[in-house]
Structure formats: C-alpha cells, structure tokens
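For what it's worth, the working numbering labels the leading residue of the first sequence as 656, then goes sequentially. Just so it is clear, CB atoms sit at the ideal spot from N, CA and C, and this is done for glycine as well. Since the structure is predicted, the reported quantities are computational estimates derived from the model, not experimental observations. First the structure, in the form of structure tokens, and then the observations on it.
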Amino acid sequence: MRLSRSLIPTIKETPAEAQIVSHRLMLRAGLIRQQSSGIYAWLPAGLRVLHNIANIVRAEQARAGAQEILMPTIQSADLWRESGRYDAYGPEMLRIRDRHDREMLYGPTNEEMLTAIMRDSVQSYRDLPQMLYQIQWKFRDEVRPRFGVLRGREFYMKDGYSFDLDYASAVSSYRRMMLSYMRIFRDMGVRAIPMRADTGPIGGDLSHEFHILAPTGESGVFYDKAFETIDLGDDTYSYESQTDLDVFFDHMTSLYAATDEKHDIDAWSKIPEADRREGRGIEIGQIFYFGTKYSEKMGFAVVGPDGAKIHPEMGSYGIGVSRLTGAIIEASHDDAGIIWPDAVAPFRAAILNLRQGDATTDALCEKAYASLGDCVLYDDRPARAGEKFVDADLMGHPWQIIVGPRGAVNGMVELKRRRTGERAELSLEDALAKVRG
RNA sequence: CGGGGCGUGGCGCAGCCUGGUAGCGCGCUUGUUUUGGGUACAAGAGGCCCCCGGUUCGAGUCCGGGCGCCCCGACCA
C-alpha cells in the first residue's frame, strides 16, 4: 500500500483514555478507533493484523483436523433456555428483542447453537468424531471494559467444539487441541504457557488457560523454565498419533505452571530454584472438556453400533483473536512503538522515501514497491525524513527499507531490522532478498 | 456493582474557584525555507465549550437532572 493513499492515521500524542501500552500504541499507530466503551473499529492496518492472526489459527486448525464454519452473532433465547444458561449467564449476556418482541441475544459463545446444529444433522455414531470451529465476533457486556482490545465487550474470537463418542476419544481431541494451540501461538511469534484452570460458566472438569508472557500482563505467572525451550515440531509430535498426543500432554502438564490465583507454594518449592521462572501473563486462550453437559440437556444423541443412544462427549476451545493483537504488542514493543513479529505484522516492511520528489530516489522506491507488492507499506508522503522514521518505528514493521538520495545514485539502500535496530547498507536486490526471507 | 476523576477546534490541555469579546501547544491548509531521526518563518481554516432545564441583564464558568468516557477495586476470553 502507498501510505499517501491509506487511512493509517498515526498520532503523535497519547490519547488521554489509553492507559496501557498496547492500547496507546494501537491508537497511535492507527490500528483501531474506539466507538463505545469496549467497542472498537478496526482500520486498515489493524484489520490486516487481525486477519493474519486469524489465518494462522485457520492453518494450524486445519492441520489438526478442525473444520471451519460460521454461525450467526444473533441467537434465539429459546436455544439458551434449553441448556439452562439463559438465566444462568447473567448480565454479561446482551439481551435484545426483535420487532415481534421475540427474545434474542448477541452470542457470547456458541455451545448451544452448535449442539443444536449437530442434533439436526448427525444421527449415527459413524458421523463422529467431529471438530468444528468458527472465528466470529462475540459480545460480553463486561462490567468494566478496559485495556483497549484486551478487555473489550465486542471481541473477535475463535471458538471450536469437539464431539466424540466416548471419554477416551474426547480426551484425545482435547490433547490434539492443546498441541494445536501451542503451535498456533508459536507461529504468531509469541511464547504461550498452558496452565490448569477453572472451568467457569462453561462447565466441565478439565480445562487449561494459555497465557503469553508480557511484563504488563494482568496475572502473575509461575512456570518451569522448560517451557522456554518446548519442542513443538511436526517430527516430534504428530496429530495422528495417540501416543504422541499423550506424551505431549503429559510433558505439558507435568511441568509446573500456574497463575497467581492457583499458585501452589509447596509444589513450587519442590522445583529446583534454577528452574523457576516468574513473570506476568495475559490469557489468550482456554480449552475445556465438559462431557455430555450440553448433549444431554439439549437432547443430542447418536445411535451407536448396538442401537443404543449415545450422548456425545464435548469440549470447547477458544482463542481471543482480537485480544491477541493487543497481547502481542504488550509482549513486543519498545519506547518507540510496536515491534511486530514477522508472522502477524500488517506489513513485512516499510519503504521510506527520504526525499520524495528526487527522481533517482523515487525510482528506486518504486522499484522496491513493485517488487514486494502488497506486503509492504510505501511511505511516499511528502514528509520529512524524521517523521517517516518515527512513524515506521511506531507502526512496527519488521523491516525498514530506507531509501535516500545519497545511496540511491548507486542503487544502495539501508535496511533496518526493527527488532534489533541493526542497519546495513545493501544493494536494493540484496535488501529485497532479506525482506522476503 | 462500590470508590474516584474527566467531558472546551482532529489530538493534548488552560480558562470555571471570583459569571462579562473562547485561549495555548501540536496537527491541518497555503507560501517561503529546510532536507537522513517529528525544521524555521509567515498567513489562514476550524469551536451547538457533552445534553436538557434553572438562576442572571449576561453562563464554558453558578445550581439541578441526564448522558458519555476513563481510572482503582470486585468480576471476567
């Protein structure tokens, strides 16, 4: 994209309402604009990040055997009466009425709806197991939204659901999702740690939360340093191998990891001091096994091989996609601005034209832009160099291709790596090769 | 839901106590200048001072009632 023709409204001063760093930077870098408390509009650069994150989720979920679907945001209250959650959920659920005075709601999660879909569509044990997910907007009317997209009321979330014939199979699905989640977060360039968790209103008896480490995280976390060097490779663990999934799960759950709420001093003290790590974490995902809670209440059963009815064992699996955009910034920034991991950056690189209007410089920039295409942001504004440097650092592009008249006459540019600050004088061709990776 | 704070050009704020022509910095527009880390000068544009009501000759300012937003706590993907 050409910055001169893009709506990426960076701002110099810190908006008064933004207290934490990711919120400030998302506003300043022109990623989002607030519309109401806890409700945000996503501008072009912000939406690209959201899509990048969602696509990483899609790719790895597909490999784990999950199918993508899309369910509506608006649901019928009747559905939730079947599970008993219409009354149980409380004021976090946004309840609305349509013109015929029918009770509706803006979905905060989708166990009921998908169970109903399955009930209508699946009758035989031969059709299970199934693993389905969607990436869709949710609404939870938080008492006190804050921290920008980290605690919005409207949020973009991946929610997945597994349906299995028996407990063993359900546990296998759960373990497969745990592996998939760890790989998803790795692919985004952040380190996540699974921690045993309470199940909350979703119900059930097996649950883990995933936290990514960030100095500004909401909760204190305690973990074994082995999490810093976890091997998640395809050669080590296969989704197809039950043994692999079990080994992986045992490895994850045998290592100590707890938020401050669940911290166990005794267990902690048994870990060699050199292996203990303390930090702050932001929850970016949670997985649950909850058995037949919904399939029984909502009358979803399949006929088994012996003709008997079987209520499928279910689990659900969430990733806060919009929250991740903020969480990644919390984990990856400096005083100058965002430092995007390559995989989620809105643009792989920015081309900084330091002398807009200088024929040689312009030509070299155009060449770079034509070569890299949509994955770069070409700063072709008639602005001063300093302003372009500052904005590029703020927006956090992994690479900056700095083109000025001094080097341009020889076809040379300066390539800067945002994360390390390293710079090198290179020919344009060499710089482009590096940016392409 | 308890406690606190704030609503004044796009952004950050002053003015309110003590009522009397709506200000500052940044940004924006035009020109000159400058040109490798937010240049300097000049000239401009831009404001139902959150809303409604009251007091007053006169309200951004005082009083009452709303609405919105933020922060701390409890709660939470």
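Within the DSSP bridge table, the entry for Trp697 names Ile687 as partners. Annotated three-state conformation of His863 is strand, per DSSP.
Annotation for Met969: the continuous beta strand (DSSP E) segment containing it runs 968 to 975. For Met837, the three-state secondary structure derived from DSSP is helix. For Thr770, no beta strand (DSSP E) run applies; the uninterrupted alpha helix (DSSP H) run containing it begins and ends at 766 to 776, by DSSP.
The beta carbon of Met748 sits closer than 6 Å to the beta carbons of Leu760, Pro763 from its chain, once the five residues preceding and following it are set aside; these are given in chain order. Taking one beta carbon from each stretch, the segment 1010 to 1017 and the segment 693 to 712 have fewer than 3 pairs nearer than 8 Å; the two do not touch. Distance check between Glu895 and each of Arg831, Asp1034, Ala1079, Thr908 places Arg831 closest, using alpha-carbon atoms only. Burial is judged here by how many other beta carbons sit within 10 angstroms of a residue's own beta carbon; Ala671 has fewer than 16 and is exposed. Around the beta carbon of Leu1087, 16 or more other beta carbons lie within 10 angstroms, which makes this residue buried. Close CB contacts of Glu767 within its chain, under the 8 Å cut and outside five residues either way in sequence, are with Gln730, Leu734, Trp735, Glu737, Ser738, Arg740, Tyr949, Met953 (chain order). When the Cα atoms are used, Thr891 and Asp899 turn out to be separated by approximately 8 Å. Annotation for Thr728: no alpha helix (DSSP H) segment contains it, and DSSP assigns it neither H nor E. Rounded to the nearest angstrom, the gap between the Cα atoms of Asp990 and Gly940 is 28 Å.
Met843 and Ala963 have their alpha carbons spaced roughly 45 Å apart. The C-beta separation of Ile848 from Ala929 comes to about 18 Å, leaving the pair out of contact by the 8 Å criterion. Membership of Ala1023 in the alpha helix (DSSP H) is indicated by the continuous run 1014 to 1027. Here the alpha carbon of Glu873 sits roughly 13 Å from the alpha carbon of Phe865. Among the bridge pairs identified by DSSP, Gly946 is matched with Met969.
Going by C-alpha positions, Ala825 is about 29 Å away from Leu868. For Met850, the uninterrupted beta strand (DSSP E) segment begins and ends at 847 to 851.
CA-to-CA, the gap between Ile1006 and Glu668 works out to about 24 Å. Gly1051 is the residue among Arg1074, Cys1030, Leu1083, Gly1051 whose C-alpha sits nearest the C-alpha of Arg683. Relative to the Cα of Phe794, the nearest Cα in the group Glu1084, Asp782, Pro784, Gly807 belongs to Gly807. Per DSSP, reduced to three states, the secondary structure at Tyr741 is helical. Between the alpha carbons of Glu1084 and Arg1091 lies a distance of about 11 Å. Glu1080 and Val1068 have their alpha carbons spaced roughly 6 Å apart. Only residues of its own chain outside the window of five on either side were considered, and among them Leu1032 have a CB closer than 6 Å to the CB of Met656, listed in chain order. Residue Val804 holds the alpha-carbon nearest to the alpha-carbon of Leu702 among Gly1028, Val804, Glu715, Pro727.
Thr669 sits in coil when the DSSP states are folded into three classes, being neither helix nor strand. A direct Cα-Cα distance of roughly 47 Å separates His906 from Leu658. The three-state secondary structure of Arg736, taken from DSSP, is helix. Between the segment 714 to 723 and the segment 1029 to 1049, the count of Cβ pairs shorter than 8 Å is below three; the stretches do not touch. DSSP places Gln897 inside the alpha helix (DSSP H), whose first and last residues are 897 to 909. Val876: member of the beta strand (DSSP E) spanning 874 to 879, first to last residue. Thr884 is classed as exposed because its beta carbon has fewer than 16 other beta carbons within 10 Å across all chains shown.
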